[in-house]
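Undergrad: Number 22 in UniProt numbering belongs to position 22 of the sequence shown; there are no gaps in the numbering. All residues carry an ideal CB built from backbone N, CA and C; glycine is no exception. Quantities reported herein were computed from a predicted structural model and do not represent experimental measurements.
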Amino acid sequence: MKSLGRYGVIGAVLIVAALAVAVPAARYMTRLQFDQLSERGQNTLGLAATALRGELARYRNLPQLIAQHDDIQALVTDPQNQVLIDRVNHYLRDVNALLGSSDIYVMLTDGNTVAASNFEGPVSFVGENFAYRPYFYDALTSDEGRFFALGTTSLKRGYYFGAPVRTPDGPQGVVVFKMDMDMIETSWHGTDFRIIVIDPEGIIFMSDRPEWRFAAIDQLTPDRLERTAATRRYAETDLRELPVTRSVDPAGHLLLTVQEGGDRTEYLAVTESMPEAEWTIKVLMQTRPARNQALVSVAALLLMLGVAALGWLSLQQRRRRLEERFSVQREAQEMLERRVSERTADLAEVNHRLEEEVIERRATERELRKTQADLVQAGKMAALGQMSAALSHEFNQPLGAVKAYAENAAVLLKRGRIDDARQNITDISSLTDRMAVLGRHLRNFARKPNERLQPVALDQVLRETLPIIEPRLRGVGVTLDVDLGPVPLMVQAGNVRLQQVLVNILSNAADAVEDRPYPEIRLTAWREGGRVFVQVRDNGPGVPAGILARIFDPFFTTKGVGKGLGLGLSISYNIIKDFGGNLTVANLPGEGAGFIIELPAAEAAHLPEAAE
Ligand code: ADP
């Protein structure tokens with residue numbers, strides 16, 4: 001609503017502005033057009049006047065010349081002389097034809113025509129009296145007569161020049177030369193302009209429009225009519241007034257508006273008077289095209305201004321819209337920046353918290369790892385503890401043997417059986433070597449490992465594991481049945497930890513088969529694709545279904561106090577997971593438990609390295 005009001009005001013202002021521009025512009029453009037029109041009219045006027053003057057000048061002196069002809073001189077003094085009349089008639093006819101004039105004739109002082117170029121024609125002037133014509137009496141009184149008129153006999157318009165025929169007794173006659181006006185008039189046809197020639201009474205004598213001829217553009221006052229009648233300038237023609245109104249525009253242009261039929265035509269008129277012929281020449285030009293042109297110019301100007309105004313308005317509007325858009329964008333951007341900074345603060349806060357959490361987690365993880373490592377160690381120690389009886393037996397037996405051999409050797413030395421004594425001492429030495437090997441394995445096993453994953457040869461691991469587990473197996477009275485397949489198997493693992501897993505699982509198997517009349521433990525290994533599987537199976541009671549899911553939990557044990565800690569499988573499970581493998585258990589039909597260690601295979605190309 002508000003903008004509608006605004007547009008209304010703008011529209012009103014534009015209309016007022018357009019009017020304020022259009023009115024003076026129209027005046028100015030019209031004046032400019034009229035100036036141009038007037039200038040062109042002046043050119044035409046100049047040309048027409050020059051042509052008329054030239055024509056008059058051409059014939060002006062001819063009557064004087066003809067008047068000097070001897071025959072004419074003779075004729076005026078002897079007007080009844082038929083021979084002379086004939087001769088002059090023929091002479092005038094020839095000269096008339098030669099000069100292309102309308103008529104040439106000779107009048108006596110009483111106004112009677114005695115000879116004429118048209119003596120043979122149907123409208124011969126011979127015998128006519130033209131005493132009323134000014135050219136006649138002017139020629140007699142002032143040497144030269146001029147007049148333009150409609151021929152009373154011929155009814156043809158012409159310009160008359162009269163010259164006296166001088167004789168020693170003074171002027172005895174007048175030679176008259178009538179010039180045809182039609183030719184000049186015809187040459188005006190086809191021009192854009194109206195050319196009119198007006199007599200001193202304001203009557204149009206010549207015009208390219210026949211209907212304008214003998215019409216008055218000034219009022220036909222009785223004076224004027226009387227003067228015209230006296231010279232019979234227009235013979236018996238009915239004179240009328242052309243309905244003309246005159247006006248002068250501010251620039252001084254003369255405007256004539258002619259009412260013809262139902263049409264009103266406005267002309268711009270330029271005038272030149274020819275006093276020598278008593279003529280006034282006017283060139284009339286229709287103003288309609290000029291006015292139209294001016295209007296078109298004004299319309300074009302208004303259009304241009306309109307377009308400019310529209311352009312300006314739309315520019316303003318666009319600028320306003322752009323400003324609005326910019327301000328909206330600015331606000332949006334500010335809001336966005338605000339939000340971003342808020343978010344950034346939030347994120348920084350969250351980040352900070354996360355970092356703290358990560359630090360905490362790392363610390364926890366470190367703690368866990370340490371705990372795990374401690375547990376592994378504890379598990380190993382527990383396994384050692386469990387096996388200590390078997391191990392002490394393992395050490396005590398050779399120690400007893402060493403003692404017996406030593407005592408024996410002493411007796412033998414006393415008896416002088418040096419060779420037998422040497423044999424005993426050699427046996428002692430080999431027994432202590434065996435004990436040292438076992439000790440080394442135990443030390444290795446007990447050591448806290450700090451190892452990397454690397455390709456490890458399975459048979460090597462087993463070779464190092466067996467001395468540790470052997471005493472326990474022997475205690476149960478079982479022999480380990482090993483089948484590692486035809487191809488040496490390599491796995492990606494840590495040597496000591498894998499030993500620990502095998503010790504745990506083999507110990508559990510030994511526990512399971514302890515009370516069996518025919519205990520059996522079998523270790524089988526094979527490779528499937530990128531994985532190596534090691535299965536340890538026994539003919540014990542198997543794992544009861546109810547606890548299958550729990551045996552890998554830490555501290556889960558079914559063994560009595562002091563016998564099991566419940567850590568072996570949990571630790572083994574974690575170790576195998578660390579290797580990227582898997583530890584599973586299943587009860588085998590008709591047998592005991594079967595544990596499967598699944599490990600990533602390593603390529604044989606990587607040679608196993610020494611234990612860590
Ligand atoms: P622990 O041997 O100290 O009890 P483990 O984690 O090694 O701890 O074993 C957990 C439990 O899993 C054992 O208490 C036993 O009940 C069961 N188990 C392990 N191995 C066997 C097996 N070969 N046959 C039957 N039960 C087994």
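1. Please name the residue in S38, I571, S101 whose C-alpha comes closest to that of A373.
2. Could you name the residues, in chain order, whose CB is less than 5 Å away from a heavy atom belonging to ligand 1?
3. In terms of residue numbering, what span does the alpha helix (DSSP H) encompassing V95 cover?
4. Which residue from P600, Y28, Y7, I575 puts its Cα closest to that of R291?
5. Quick one: using the 10 Å Cβ neighbour count with 16 as the cut-off for buried, is W312 buried or exposed?
6. Exposed or buried, K370, counting other C-beta atoms within 10 Å across all chains shown (16 or more means buried)?
7. Which value, in whole angstroms, describes the spacing of the CA atoms of L442 and E394?
8. By DSSP, does E260 sit in helix, in strand, or in coil?
9. From which residue to which residue does the alpha helix (DSSP H) around E470 run?
10. Could you have a look at A216 and say whether DSSP puts it in helix, strand or coil?
11. Thinking C-beta only, is F552 closer than 8 Å to Y518?
12. I'd like the span of the alpha helix (DSSP H) that includes V503, first residue to last.
13. If I follow the unbroken beta strand (DSSP E) through E528, where does it start and stop?
14. Alpha carbon to alpha carbon, how far is G439 from I521? Give it in angstroms, no decimals.
15. With a cut-off of 8 Å on the beta carbons, I'd call A22 and L310 a contact; round off their distance for me.
16. Could you have a look at F395 and say whether DSSP puts it in helix, strand or coil?
17. Excluding the five sequence neighbours on either side, which residues of its own chain have a C-beta within less than 8 Å of the C-beta of residue 624, listed in chain order?
18. Does DSSP put T245 in a helix, in a strand, or in coil?
19. By a C-beta neighbour count over all protein chains shown, 10 Å radius and 16 as the cutoff for buried, is L256 buried or exposed?
20. Tell me the DSSP bridge mates of E185?
21. Could you check what DSSP says for E591 in three-state terms: helix, strand or coil?
22. My output table needs one value for N129: the three-state DSSP class, helix, strand or coil.
23. Can you give me the Cβ contacts of A163 inside the same chain, cut-off strictly under 6 Å, excluding the 5 residues immediately before and after it?
24. Nearest-angstrom Cα distance between D427 and V456?
25. Does DSSP put I551 in a helix, a strand or coil?
26. Excluding sequence positions up to five away, which residues of its chain have a Cβ less than 6 Å from the Cβ of A510?
27. Which residues mark the beginning and the end of the beta strand (DSSP E) in which Y105 is found?
28. Using the three-state DSSP reduction, which class does A235 fall into: helix, strand or coil?
29. Quick check on DSSP: helix, strand or coil for Q68?
30. Does DSSP put E266 in a helix, in a strand, or in coil?
31. Counting only runs of 4+ residues fully inside the stretch 338-423, write out the alpha helix (DSSP H) ranges in chain order.
32. Bridge partners for N112 per DSSP, in chain order?
TA: Straight from the coordinates:
1. I571
2. N508, A509, A512, G540, V543, I551, T557, T558, K559, G564, L565, G566, G568, L569, A593
3. 82-99
4. Y28
5. exposed
6. exposed
7. 12 Å
8. strand
9. 458-476
10. strand
11. no
12. 495-513
13. 521-528
14. 25 Å
15. No, A22 and L310 are not in contact; Cβ-Cβ is about 17 Å, not under 8 Å.
16. helix
17. Nothing about residue 624 can be reported from this structure: the residues present for the chain run from 1 to 612 only.
18. strand
19. buried
20. In the DSSP output, where bridge partners are listed per residue, E185 has none listed.
21. coil
22. strand
23. P63, Q64, A67, A139, V175
24. 35 Å
25. coil
26. R472, L473, V476
27. 103-108
28. coil
29. coil
30. strand
31. none
32. N129
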